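Q: Mind having a look at this structure? Questions to follow.
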Amino acid sequence: MGERKGTNLYYPPDYDPRAGGLNKFLGTHALRERARKLHMGILIIRFEMPYNIWCNGCGNHIGMGVRYNAEKTKIGMYYSTPLYQFRMKCHLCDNHFEIKTDPANLDYVIVSGARRQENRWDPKQNEQVVPETKEVSCRLYDDAMYKLEHGIEDKKVAKSRDSALEGAIALNESIWKDDYSSNCAVRALFREKKKELKKKQTEDHALLKKTGLDIDIVNEHEDDIRLAKLLTHKRDARKKGSTALKRLVSIVRSKNKKKILFLNDRLKLQNHESPKVQEVISKPTTSKVNDSNASLVNYDSSSSDSNT
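Next comes the structure, spelled out in structure tokens:
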């Protein structure tokens with residue numbers, strides 16, 4: 001704050017930077033009037049009322065959140081936390097009241113000049129959720145078994161309060177019943193169903209126009225859907241069977257074709273080798289025939305000689 005105020009200010013001609021800054025050179029403080037009692041250990045701040053109070057001077061009510069210019073003073077220490085006291089004047093009278101901090105209970109305490117408006121109660125009396133103390137929080141952090149037991153107890157308490165919570169909800173619904181909201185919910189549901197019926201009628205009309213039929217189309221039933229799926233499954237199975245049979249026939253045909261080609265190749269090979277085979281086979285056959293013919297000639301000549 002002081003640095004912001006010290007920016008772009010007028011520096012007199014006799015300003016000496018060795019003074020340590022413009023505030024020191026002029027003998028002023030960065031907080032101006034708020035630091036006028038700083039030599040007494042008092043700093044003036046804006047204090048906001050932490051809760052509702054009653055002023056002892058005029059008896060008027062001062063609400064939580066009202067702001068005052070308060071004198072802040074350090075009055076002691078709570079372990080390593082400083083204790084501060086705030087003194088302020090009532091805006092409705094000349095009475096002054098003092099409030100100090102209470103770090104042990106995380107609260108503010110009225111010292112003099114006012115009294116607190118009591119709106120405090122024990123949360124356990126009206127079954128509210130009570131924040132854990134520091135001891136319990138530390139034990140939950142350090143002890144795993146205690147944390148587990150604590151969670152089980154919380155679940156038991158939650159189950160025991162379910163019936164009471166449901167009863168309170170039912171009571172509120174019966175007392176604070178909102179007919180307008182119920183009517184809106186019913187009308188929204190009716191609109192959705194009407195849209196579905198209109199869409200179905202459009203689809204049925206398109207189907208009748210496509211098929212050229214003049215009949216009433218009834219709603220689908222689960223049995224009809226199941227039967228249609230079975231028929232579709234059988235048709236697909238037949239298609240798959242016929243496809244497999246065609247494939248098997250094509251495989252057999254391809255194998256037979258390969259076999260026929262192999263036999264043709266063998267026949268061609270035999271036709272190429274046949275002249276040599278005939279030459280080898282024809283020689284003994286020719287000699288046998290010639291020998292038989294010679295014997296026949298010799299037999300004929302001998303027989304002719306004997307006759308003569």
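All the letters of the sequence shown, read from the start, carry residue numbers 1 to 308 under my numbering.
Don't be surprised by glycine CBs; every beta carbon is placed ideally from N, CA and C.
Please read these numbers as outputs of a predicted model, since none were measured by experiment.
1. Of the residues Asn119, Leu171, Phe97 and Ile45, which one's Cα is nearest the Cα of Gly57?
2. Decide if Arg87 is buried, meaning its Cβ has at least 16 other Cβ atoms within 10 Å, or exposed.
3. For Lys89, which option in Arg120, Val66, Ile75 and Met77 has the closest C-alpha, if you only look at C-alpha atoms?
4. Return the first residue and the last residue of the alpha helix (DSSP H) that Thr133 is part of.
5. Span of the beta strand (DSSP E) holding Ala114?
6. If you check the beta carbons only, do Ala30 and Leu43 fall under 8 angstroms apart?
7. If you count every other CB in all the chains shown that lies within 10 Å of the CB of Ala70, and 16 or more means buried, which is it?
8. For Ile217, count neighbouring Cβ atoms within 10 angstroms of its own Cβ and tell me buried if that reaches 16, exposed if not.
9. Indicate the three-state DSSP secondary structure (helix, strand or coil) for Lys276 in the structure shown.
10. Please report the distance separating the alpha-carbon of Tyr10 from that of Pro123.
11. Among Tyr68, Lys74 and Pro13, which residue has its Cα nearest to the Cα of Met40?
12. Closest to Val130 by C-alpha separation, out of Tyr15, Lys37, Asp154 and Asn60, would be which residue?
13. Roughly how far, in whole angstroms, is the beta-carbon of Tyr51 from the beta-carbon of Met64, given that I think they are within contact range, below 8 angstroms?
14. In three-state DSSP terms, what is Lys72?
15. From the DSSP secondary-structure annotation, give me the bridge partner or partners of Gln85.
16. Taking all protein chains shown into account, decide if Ile99 is buried (16 or more other Cβ within 10 angstroms of its Cβ) or exposed.
17. Measuring straight from C-alpha to C-alpha, what distance separates Leu208 and Gln201?
18. Leaving out the 5 sequence neighbours to the left and right, which residues in its chain are closer than 7 angstroms to Ala104 when beta-carbon positions are compared?
19. May I have the straight-line CA-CA distance separating Glu33 from Pro13, to the nearest angstrom?
20. Identify the continuous alpha helix (DSSP H) that holds Glu149 and give its terminal residues.
21. Relative to the alpha-carbon of Lys72, which residue among Lys199, Asn95 and Lys37 has its alpha-carbon at the smallest distance?
22. Please state whether DSSP places Tyr180 in a helix, a strand or coil.
23. Please classify Cys184 as buried or exposed, where buried requires at least 16 neighbouring CB atoms within 10 angstroms.
A: Short version:
1. Your numbering for residue 57 matches position 57 in the sequence shown. The shortest C-alpha separation from Gly57 is found at Phe97.
2. For this step, residue 87 is matched to residue 87 along the sequence shown. Burial of Arg87 is indicated by the presence of at least 16 other C-beta atoms within 10 angstroms of its C-beta.
3. As a first step, residue 89 is located in the sequence shown; it is residue number 89 there, counting from the start. That would be Val66, whose Cα lies nearest to the Cα of Lys89.
4. As a position in the sequence shown, residue 133 is number 133, starting the count at 1. Here Thr133 belongs to no alpha helix (DSSP H), and DSSP marks it neither H nor E.
5. In the sequence shown, residue 114 corresponds to position 114, counting from 1. DSSP places Ala114 inside the beta strand (DSSP E), whose first and last residues are Ala114 to Arg116.
6. Mapped onto the sequence shown, residue 30 falls at position 30. Mapped onto the sequence shown, residue 43 falls at position 43. Cβ atoms of Ala30 and Leu43: not closer than 8 angstroms.
7. Position 70 of the sequence shown, counted from the first residue, corresponds to residue 70. Within 10 angstroms of the beta-carbon of Ala70 lie 16 or more other beta-carbons, which makes it buried.
8. For the purposes of this step, residue 217 is identified with residue 217 of the sequence shown, where counting begins at 1. Exposed is the call here.
9. Taking the sequence shown and counting its residues from 1, the one referred to as residue 276 is at position 276. Reliability of the predicted coordinates at Lys276 is poor, the pLDDT of 48 falling under 50, and no value is obtained from them.
10. Numbered from 1 along the sequence shown, position 10 holds the residue referred to as residue 10. Numbered from 1 along the sequence shown, position 123 holds the residue referred to as residue 123. For Tyr10 and Pro123, the distance between alpha carbons rounds to 59 angstroms.
11. The sequence position of residue 40 within the sequence shown is 40, counting from 1. Comparing Cα positions, the closest option is Lys74.
12. As a position in the sequence shown, residue 130 is number 130, starting the count at 1. For Val130, the closest alpha carbon among the candidates Tyr15, Lys37, Asp154 and Asn60 is that of Asp154.
13. The residue given as residue 51 occupies position 51 in the sequence shown. The residue given as residue 64 occupies position 64 in the sequence shown. Going by Cβ atoms, the distance from Tyr51 to Met64 rounds to 5 angstroms, so yes, they are a contact pair.
14. Residue mapping note: residue 72 aligns to position 72 of the sequence shown, counting from 1. When DSSP states are grouped into helix, strand and coil, Lys72 belongs to the strand group.
15. The count along the sequence shown starts at 1 and reaches residue 85 at position 85. DSSP output for Gln85 lists Thr73 and Lys100 as bridge partner(s).
16. The residue you call residue 99 lines up with position 99 of the sequence shown. So Ile99 ends up on the buried side.
17. One-based indexing of the sequence shown puts residue 208 at position 208. One-based indexing of the sequence shown puts residue 201 at position 201. Approximately 11 angstroms between the Cα atoms of the pair.
18. Numbered from its first residue, the sequence shown carries residue 104 at position 104. Cβ neighbours of Ala104 beyond the five flanking positions: Tyr78.
19. Start at 1 with the first residue of the sequence shown, and residue 33 comes out as number 33. Start at 1 with the first residue of the sequence shown, and residue 13 comes out as number 13. Computed Cα separation, rounded: 26 angstroms.
20. As a first step, residue 149 is located in the sequence shown; it is residue number 149 there, counting from the start. Note, Glu149: alpha helix (DSSP H), Ala144 to Ser160.
21. Numbered from its first residue, the sequence shown carries residue 72 at position 72. Comparing alpha carbon positions, the residue from Lys199, Asn95 and Lys37 closest to Lys72 is Lys37.
22. Within the sequence shown, the letter at position 180 stands for residue 180. In this structure, Tyr180 counts as helix in the three-state DSSP scheme.
23. For the purposes of this step, residue 184 is taken as residue 184 along the sequence shown, with counting starting at 1. A residue is called buried once 16 or more other Cβ atoms fall within 10 Å of its Cβ, and Cys184, having fewer, is exposed.
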